Structures are given as C-alpha cells and as structure tokens.
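Visitor: Numbering of the sequence shown is given in our numbering, commencing with residue 672 and proceeding in unit increments. Cβ coordinates follow ideal geometry from the N, Cα and C atoms, glycine included. Every value quoted in this text rests on a predicted model; they were computed, and no experiment measured them.
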Amino acid sequence: MLRRLLFLLSVPMLLGSCEKEADATTPLVSQATFEAHIQGRSWLESWEEEQPGSDIKVFRPETANLPVSRPRYGFQLDADGVFIGRGPSPDDGIAVYPGRWLMEGNQLVRVTPSGQSTGYGLQIISLENEVLKLRQVE
Numbered sequence: 672m673l674r675r676l677l678f679l680l681s682v683p684m685l686l687g688s689c690e691k692e693a694d695a696t697t698p699l700v701s702q703a704t705f706e707a708h709i710q711g712r713s714w715l716e717s718w719e720e721e722q723p724g725s726d727i728k729v730f731r732p733e734t735a736n737l738p739v740s741r742p743r744y745g746f747q748l749d750a751d752g753v754f755i756g757r758g759p760s761p762d763d764g765i766a767v768y769p770g771r772w773l774m775e776g777n778q779l780v781r782v783t784p785s786g787q788s789t790g791y792g793l794q795i796i797s798l799e800n801e802v803l804k805l806r807q808v809e
C-alpha cells in the first residue's frame with residue numbers, strides 16, 4: 672500500500688520534469704532574435720560542450736574564448752542568403768564551403784552547398800547565453 676502511494680505521488684513529479692517537445696508552429700527563436708544574434712555572425716563548433724552520443728552540435732560565436740584546437744567546423748549565415756561553411760582542410764588549414772541558406776518553417780535553416788541541388792537542414796534547438804545548439808537534419 673505504501674509503495675503504491677509513493678508511486679502515485681511520484682508520477683506528477685516525473686511527468687513535470689520531462690522536457691516538452693518543441694511545437695513545430697512555435698518558433699524556438701524569434702525572427703528578431705535570429706536576425707540580431709545568429710544571422711551575420713561567425714559560429715564555431717564547441718565540441719568540448721557536446722554530450723557524447725548526442726546529435727546536437729554546440730556552437731559559440733567566433734569571438735568566444737575557445738581552447739586552442741585543430742581547425743573547428745563553423746558557419747556564417749549572411750543576411751543576403753549567403754552561407755559560408757568552414758572546416759578543417761587536408762593540410763590542417765581551414766577549408767571554406769560556400770552555399771545558400773533560407774529559413775524553412777519556424778526553426779529550420781535549409782542550407783544548399785554551392786554546385787549542389789540538394790542540401791540539408793539545421794534545426795535550431797536553442798540559443799541561450801551565446802550558445803547555439805543545432806541538429807543537422809535531411
């Protein structure tokens with residue numbers, strides 16, 4: 672009887688602690704926030720902050736004080752729809768990957784690399800305290 676009572680009392684606590692899935696109709700980042708804090712800035716992957724096994728990538732502004740590392744993956748979304756991706760080159764330099772981007776829906780940036788007809792999506796998971804979390808989707 673006591674076990675059952677404890678179980679029934681713990682269910683609301685467990686349910687209340689579950690993260691709610693983002694509603695596809697509710698933007699995680701407003702248009703004004705996107706334009707002021709994401710667009711036009713260079714973002715670098717902060718792999719040190721990523722969770723092992725997670726598909727969520729963590730990015731910080733290029734101006735952040737990140738530890739010295741091999742060239743990091745990064746990107747910039749310019750206001751005119753120009754995408755500039757960057758990553759390590761074969762000689763440990765930085766390779767630049769140009770393309771185009773556009774918003775698709777309320778929380779998805781669609782990227783099409785130059786010279787390709789199909790691209791990929793970057794789902795915005797969150798933007799808090801200069802930390803941008805994204806998930807790459809088809």
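Just verifying my parser: in three-state terms, what is the DSSP assignment at Gln778?
Guide: As a position in the sequence shown, residue 778 is number 107, starting the count at 1. Three-state result, Gln778: coil.
Visitor: Candidates Gly776, Arg771, Arg743 and Ala750: which alpha carbon is nearest Ser760's?
Guide: As a working note, residue 760 is residue 89 in the sequence shown. When each option's Cα is compared against that of Ser760, the closest is Arg743.
Visitor: If you check the beta carbons only, do Gly770 and Arg781 fall under 8 Å apart?
Guide: Here residue 770 is taken as the residue at index 99 of the sequence shown, counted from 1. Here residue 781 is taken as the residue at index 110 of the sequence shown, counted from 1. Not a contact, by the Cβ cut-off of 8 Å.
Visitor: Is it buried or exposed, Asp751, if we count other Cβ atoms within 10 angstroms and call 16 or more buried?
Guide: Numbered from 1 along the sequence shown, position 80 holds the residue referred to as residue 751. Result: exposed.
Visitor: Give the range of the beta strand (DSSP E) segment to which Ile796 is assigned.
Guide: For the purposes of this step, residue 796 is taken as residue 125 along the sequence shown, with counting starting at 1. Unbroken beta strand (DSSP E) run through Ile796: Tyr791 to Glu799.
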